[in-house]
Every structure is written in C-alpha cells, then in structure tokens.
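Residue numbers (the UniProt record's numbering): 1 to 325.
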C-alpha cells in the first residue's frame, strides 16, 4: 500500500487507515484479529483508536493483538482524548453545566487529556502513540492550555505527533498557530464536501495533513441502500438511523450513488471502491479512515488501493457531487 507524508512532518502513513470504532460492539475480537491481519498484510499501517470506541472495548481488543498478531512497530497508532462519559448530574467544571443524561462530554482540560493518554498507553502496553489528537473543540478550556498539553505530550515522548479531530477551520487555524499540529481528521466524502472550502485550505496553509473520516457517508456511498434498508446496516440501527435516512432523502445523494454505480459497472469494481478512490486522489488528502464490520467489507475497502480512476470519471463524480449553492 502506498505511504504518504502527513503534512509537513516526516511521518508516513498508509493512504488507507483502519477504523476500530466497531470493535467490541459490532465486531468481536476474533473478527478484529482477522481484519488487522488482512490490513497489515496489504501494507496498511495507520490504525485509528479512541478510548471511547466501544466504551473502551476497542482499545482492549487491540491491546491483545499487539505483539502476538502484529508488531507495535509495524503500526502507526492514531489515538485521541478529550471526550469522556459522564453520569447524570456529574459536572465537568464550575462554569460548565452538568450533562442531562449519560453520554459523551467534551473535556479538553490538561487533567483529562493526559489522564486519558496515559490510560491508553497503559492499556496498549506501549510507551507512545504516533499521532495523538484532541477529539473535539472544548469552548471551556483555554486554548493556551490545550496547546501546552500537546507540547507536553510530544516533549515527554508519549506521542510523536499531535493532531485534532472534527475541528472547524478557524479552530484548527487558531490551535495550529500556537501548537505543533501535524494532522487533522475531518469528515469528507462525495456527500460532505464543505471541508474543501475551509478546513482543507486552512490545513494546507499550516502544513497539516488531512485524514478523511466517514468517506463512505455512513455506508450510503456503497450503494447498499438503493433498494431499501438492510437489516444489518447502520440505517436499521436506532442510534444512527435518523441521520442515514435524512441523507437518503436528499436527491443529491441519489444522483451521486447512481453515478457511483454506473462508474463501478464500467470499471468492473464496486461503488465503495470508486468512492474511496475519488477521496484518496483529492488535493490535500493524506489518508482516509475506513471501518468494516467484517472481513468481507474490509476486502472491498482494500480493493480501492489498486483502483485508478480515469480522469473523466473523477471529473463526472466531482460535477454530480458539487452543491449548487
């Protein structure tokens, strides 16, 4: 698998990254093992982790696989911190309202960030991450504190490089101006191209590499929803169904999926592979994080690595996915 440099840093990662957000929930330990083996055998290196995936189960599964199945040195581990789970009524600061119910809460304080980082390192049995990112923008923590925490993590060797996830362009630019940011993970797909107008230009200005997340738009760009909602899909999952169905009601989504299916038929491949190849070749993209519930899905993802899109098809997809406003 081709390796790309992350922004203006010296770090190189595979241009397809493996997501682990389904590990411990929809993907059990045995299936995760099969996926990781197939991914590394294909030359993949970038693995996306988080302490909140599967409420910690994903990291624990990966910890069991490191050393036995794959050497830690073979992987580029990209982790995050700054999102925590709180019980009802548990406040996260004097000026921060307590959450109304159990759920994720953004907390990028120095205390929480370093606590989560150290726990991740302990669970994984490693002394460092390769990329450690702030998981979300925290309006209650001073930006200087966040920047200083990232610098501390790099200086002490707990991470080799720092990054952010899900930041708006102004948030990325503000932090990158005072902290050593190398990578920015942001949603980007044929159905989510707004990042081209702000986040990607901001990242390129500051020498930050873009890692695309959700490149298949929750599975819509695989074409599996054309004839209904499969029982085992995210569209049938109560937690994610509303967002998937909202996107499916968009005429633009229908046009894009139809174009992907037509292109895939002509190239003898899948709509999934075409959608990923389009993202992979966009300006400013270092890598993309793609999840798979099983090895069958992952095999389809890895097929995108060798697919070369003809310019005419790439241009047609660019046109059909562009918003008129």
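Even glycine gets a Cβ: it sits at the ideal position worked out from N, Cα and C.
These numbers were taken from a predicted model, which means no experiment stands behind them.
Status (buried if at least 16 other CB within 10 Å, exposed otherwise) for residue i
i           : result
residue 132 : buried
residue 122 : exposed
residue 177 : exposed
residue 157 : exposed
residue 27  : buried
residue 140 : exposed
residue 138 : buried
residue 283 : exposed
Delimiting residues of the beta strand (DSSP E) encompassing residue i
i           : result
residue 48  : 46 to 48
residue 174 : Run containing residue 174: none in the beta strand (DSSP E); it sits in the alpha helix (DSSP H), 169 to 176.
residue 61  : Element bounds for residue 61: not the beta strand (DSSP E) but the alpha helix (DSSP H), 57 to 65.
residue 76  : 76 to 81
6 angstroms CB neighbourhood of residue i in its chain, flanking five on each side removed
i         : result
residue 1 : 14, 42, 43, 44 and 305
Per DSSP, cross-strand counterpart(s) of residue i
i           : result
residue 161 : 131
residue 201 : Note: residue 201 sits in no beta bridge, so no partner.
residue 186 : 212
residue 18  : 47 and 290
Other residues of its chain near residue i: CB distance less than 8 angstroms, five sequence neighbours each side excluded
i           : result
residue 172 : 164, 181, 184, 199, 202, 203, 206 and 208
residue 38  : 295, 298, 299 and 302
residue 112 : 81, 82 and 84
Reduced DSSP secondary structure (H/G/I, E/B, other) of residue i
i           : result
residue 27  : strand
residue 269 : coil
residue 217 : helix
residue 126 : coil
residue 307 : coil
residue 252 : helix
residue 193 : coil
Boundaries of the alpha helix (DSSP H) in which residue i is found, first to last residue
i           : result
residue 296 : 295 to 302
residue 155 : 143 to 155
residue 320 : 311 to 321
Any chain C beta carbon closer than 9 angstroms to residue i
i          : result
residue 14 : Among the chains in the structure shown there is no chain C, since it carries only a single protein chain.
Contacts around residue i, its chain only, beta-carbon distance under 7 angstroms, and the 5 residues preceding and following it disregarded
i           : result
residue 63  : 123, 124 and 125
residue 277 : 304, 307 and 309
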